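One structure is given below, encoded as structure tokens.
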Amino acid sequence: MKITISALKADIGSIGGHIIPSQALLSEVKNKVQELGKELIIDFYISHTGDDIAILCTHERGVSDEKIHKLAWDVFLAGTEVAKKQGLYGAGQDLLKDAFSGNIKGMGPAVAEMEFEERPNEPFVFFAADKTDPGAYNLPFYLGFADPMYCAGLILSPKMADGFIFRIIDVENTEKDKIVDLNSPEDIYDIAALLRDNERYVIESIYSRASGSQALSISTTRLHNIAGKYTGKDDPIALVRVQGEFPATGEVLAPFEIGHFVAGFMRGSHIGPLMPCKLNSPISYFDGPPIVTGAAFCIKDGKLTEPADVFDHPFWDHVRMQISEKATAIRRQGFSGAAMLPYSELEYGGIVERLEKLEKKFKLV
Ligand code: F6R
Ligand code: MG
Ligand code: MG
0 MKITISALKA
10 DIGSIGGHII
20 PSQALLSEVK
30 NKVQELGKEL
40 IIDFYISHTG
50 DDIAILCTHE
60 RGVSDEKIHK
70 LAWDVFLAGT
80 EVAKKQGLYG
90 AGQDLLKDAF
100 SGNIKGMGPA
110 VAEMEFEERP
120 NEPFVFFAAD
130 KTDPGAYNLP
140 FYLGFADPMY
150 CAGLILSPKM
160 ADGFIFRIID
170 VENTEKDKIV
180 DLNSPEDIYD
190 IAALLRDNER
200 YVIESIYSRA
210 SGSQALSIST
220 TRLHNIAGKY
230 TGKDDPIALV
240 RVQGEFPATG
250 EVLAPFEIGH
260 FVAGFMRGSH
270 IGPLMPCKLN
280 SPISYFDGPP
290 IVTGAAFCIK
300 DGKLTEPADV
310 FDHPFWDHVR
320 MQISEKATAI
330 RRQGFSGAAM
340 LPYSELEYGG
350 IVERLEKLEK
360 KFKLV
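Here numbering that gives the first Met the number 0 is used: position 30 in the sequence shown is 29, and no number is missing along the way.
Here it is, written out as structure tokens:
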């Protein structure tokens, strides 16, 4: 059976700042998906990561389906009404356009979708990150799919011996999708040369070279490129099929132990370590740290099991402690050097105006 998994995510308001959506908002989203999705979707799961709400749904309509995207748009609009009524902070924050125009991509919400022939056992993981941008996934998924130091299956499993195709997108090109397909292992130096730059080149999808099947899909929208100004960080989501011809769940999770430094954190303008957190975690220290959650599922004929929380394990408690130390270490240097993003990536216009004023005060002597 050919199945599509669609994940659509938006920040439409939260309690106490950019922390966590309210229960009323989550209930409204759930009820609306149930009501509007009756004829369209097979199953769904609603969750939040920090201040973002995600709709994960299964259906048979393919990717970029207008009705599925319209459903999500209408649900986010209905949720925004509740957020406004409750006086939630940033109500409707990610809904950047006034009218729906066929596809929710480019309108603010993040989208990751995959259509595939369902395997007899079909496990996958839904990742959602908050207070960071799509490049945050570059390193973990490069390591999970191309490096035998993390993905033992690349040398141990004949099903993965041929490697994977990385589709990488240049997110600065907003007119059209500008993409390149590179093969691992032959092209790993090229892949690394691009993925080094998390703010410009981002993994969009990954495919098995043996079967051609899609393994991964990431939302690649950069909000500041759409809106031309700060409207919030992109907070990317990802769908990853695991096991068999794809890396095992544990191989995909392994690189998240690094807690690598990513862009985001306070005001989307800093560098902080990416912390793997339990499902439905809030945001806290310095509007962060940047977090990622993972919900693993199996599907049968499009029906979802309950989620397994991949970062809810004593091992990850230890990792979280170590990553907290990395977060405080970089925070101690405040605005200085590597702790804050370069000028081009600063999400607030204030500093630009300040520097322009200061430029006029400089004298050539
Ligand atoms: C980062 C984020 C927060 C806000 C910060 C200020 O993605 O959402 O760090 O940037 O709390 O928010 P405003 O400008 O809404 O007062
Ligand atoms: Mg917010
Ligand atoms: Mg967010």
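Backbone N, C-alpha and C fix where the C-beta goes; we use that ideal spot for every residue, glycine too. Please read all numbers here as calculations on a predicted model, not as lab measurements.
Margin query: Strictly closer than 7 Å from CB to any heavy atom of ligand 3: give me those residues in the order they appear in the chain.
Written below: That query returns the following residues: 10, 17, 49, 50, 51, 129, 130, 231, 232, 234.
Notebook entry, point to check: Should residue 286 be counted as a contact of ligand 1 given a C-beta to heavy atom distance under 7 Å?
Noted result: Position 287 of the sequence shown, counted from the start, is the residue given in the question as residue 286. Yes, the beta carbon of residue 286 sits closer than 7 Å to at least one heavy atom of ligand 1.
Checklist line | Status (buried if at least 16 other CB within 10 Å, exposed otherwise) for residue 365 | finding: With the chain covering only 0 through 364, there is no way to say anything about residue 365.
Item checked: Contact between the stretch 235–255 and the stretch 122–136 (3+ Cβ pairs under 8 Å) -> yes
Next item on the list: Sort 72, 303, 333 by Cα distance to residue 41 and report the nearest one.
Entry: On the sequence shown, residue 41 is found 42 positions in, with the first residue counted as 1. Closest by alpha carbon: 303.
Item checked: Rounded straight-line distance, which links the Cα of residue 46 to that of residue 327 -> For the purposes of this step, residue 327 is taken as the residue at position 328 of the sequence shown. For the purposes of this step, residue 46 is taken as the residue at position 47 of the sequence shown. Cα to Cα, residue 327 sits roughly 28 Å from residue 46.
Check: Looking only at C-alpha atoms, which of 37, 76, 85 sits nearest to residue 97?
Finding: In the sequence shown, residue 97 corresponds to position 98, counting from 1. Looking at the Cα atoms, 76 is the closest of the given residues.
Next item on the list: Name the two residues that bound the continuous alpha helix (DSSP H) containing residue 45.
Entry: Along the sequence shown, one-based indexing puts residue 45 at 46. Note, residue 45: premise wrong, no alpha helix (DSSP H); beta strand (DSSP E) at 42–48.
Next item on the list: Starting from residue 200, trace the beta strand (DSSP E) both ways and give me its first and last residue.
Entry: Within the sequence shown, numbered from 1, the residue matching residue 200 stands at position 201. Counting along the chain, the beta strand (DSSP E) containing residue 200 begins and ends at 200–207.
Note to self: Out of 313, 53, 87, which one is the CA nearest neighbour of residue 7?
What the structure shows: Position 8 of the sequence shown holds residue 7. Per the Cα distances, 53.
Check: Once you ignore the five residues that flank residue 141 on each side, which residues in its own chain have a CB closer than 6 Å to its CB?
Finding: Position 142 of the sequence shown, counted from the start, is the residue given in the question as residue 141. Answer for residue 141: 194, listed in chain order.
Note to self: Between which two residues does the alpha helix (DSSP H) holding residue 152 run?
What the structure shows: In the sequence shown, counting from the first residue as 1, residue 152 sits at position 153. Segment 152–155, the alpha helix (DSSP H) holding residue 152.
Notebook entry, point to check: So the alpha helix (DSSP H) residue 142 belongs to, where does it begin and stop?
Noted result: Locating residue 142 in the sequence shown gives position 143, where the first residue counts as 1. First-last of the alpha helix (DSSP H) with residue 142: 137–145.
Check: First and last residue of the alpha helix (DSSP H) that includes residue 252?
Finding: Numbered from 1 along the sequence shown, position 253 holds the residue referred to as residue 252. Taken as a continuous stretch (DSSP letters only), the alpha helix (DSSP H) holding residue 252 covers 248–252.
Next item on the list: Give the secondary structure of residue 182 by DSSP, where H, G and I count as helix, E and B as strand, and everything else as coil.
Entry: Numbered from its first residue, the sequence shown carries residue 182 at position 183. Residue 182 falls in the strand class under three-state DSSP.
Item checked: Residue of 131, 102, 5 minimising C-alpha distance to residue 114 -> Indexing the sequence shown from 1 puts residue 114 at position 115. Cα-wise, what sits closest to residue 114 is 5.
Check: Quick one: what's got a C-beta closer than 7 Å to residue 333's C-beta in the same chain, skipping five residues either side?
Finding: On the sequence shown, residue 333 is found 334 positions in, with the first residue counted as 1. Same-chain partners within the cutoff: there are none.
Next item on the list: Run the CB neighbour count on residue 203, radius 10 Å, all protein chains shown included, and call it buried at 16 or more, exposed below.
Entry: Position 204 of the sequence shown holds residue 203. Classification of residue 203: buried, given that the 10 Å Cβ count is 16 or more.
Check: Should residue 244 and residue 207 be called a contact, given that it needs their Cβ atoms to be closer than 8 Å?
Finding: One-based indexing of the sequence shown puts residue 244 at position 245. One-based indexing of the sequence shown puts residue 207 at position 208. Their beta carbons are under 8 Å apart, which means residue 244 touches residue 207 by this criterion.
Check: Can you tell me the Cα-Cα spacing of residue 325 and residue 66, whole angstroms?
Finding: One-based indexing of the sequence shown puts residue 325 at position 326. One-based indexing of the sequence shown puts residue 66 at position 67. Residue 325 and residue 66 have their C-alpha atoms roughly 44 Å apart.
Next item on the list: Could you tell me the boundaries of the alpha helix (DSSP H) in which residue 238 lies?
Entry: As a position in the sequence shown, residue 238 is number 239, starting the count at 1. Where residue 238 is concerned, there is no enclosing alpha helix (DSSP H), although the beta strand (DSSP E) it sits in stretches over 236–240.
Margin query: Let me confirm a value: residue 37 is counted as buried when at least 16 other C-beta atoms fall within 10 Å, else exposed. Which label applies?
Written below: For the purposes of this step, residue 37 is taken as residue 38 along the sequence shown, with counting starting at 1. Per the 10 Å Cβ criterion, exposed.
Item checked: contact_flag[the stretch 167–180, the stretch 274–292] where n(CB pairs < 8 Å) is 3 or more -> no
Next item on the list: Verify the contact flag: residue 330, CB atom, against every heavy atom of ligand 1, threshold strictly below 7 Å.
Entry: Start at 1 with the first residue of the sequence shown, and residue 330 comes out as number 331. No; taking the cut-off as 7 Å, the Cβ of residue 330 has no heavy atom of ligand 1 nearer than that.
Next item on the list: Inspect the beta-carbon positions of residue 219 and residue 133 and report whether they are closer than 8 Å.
Entry: Walking along the sequence shown from the start, residue 219 turns up at place 220. Walking along the sequence shown from the start, residue 133 turns up at place 134. Here residue 219 is near residue 133, since their CB atoms are less than 8 Å apart.
Notebook entry, point to check: How long is the line joining the alpha carbons of residue 50 and residue 103, rounded to whole angstroms?
Noted result: Here residue 50 refers to the residue found at position 51 when the sequence shown is read from its first residue. Here residue 103 refers to the residue found at position 104 when the sequence shown is read from its first residue. Taking the Cα positions, residue 50 is about 19 Å away from residue 103.
Checklist line | Span of the alpha helix (DSSP H), counted from its first residue to its last, around residue 110 | finding: Translated into positions along the sequence shown, residue 110 becomes position 111. Here residue 110 belongs to no alpha helix (DSSP H); instead the beta strand (DSSP E) covers 109–116.
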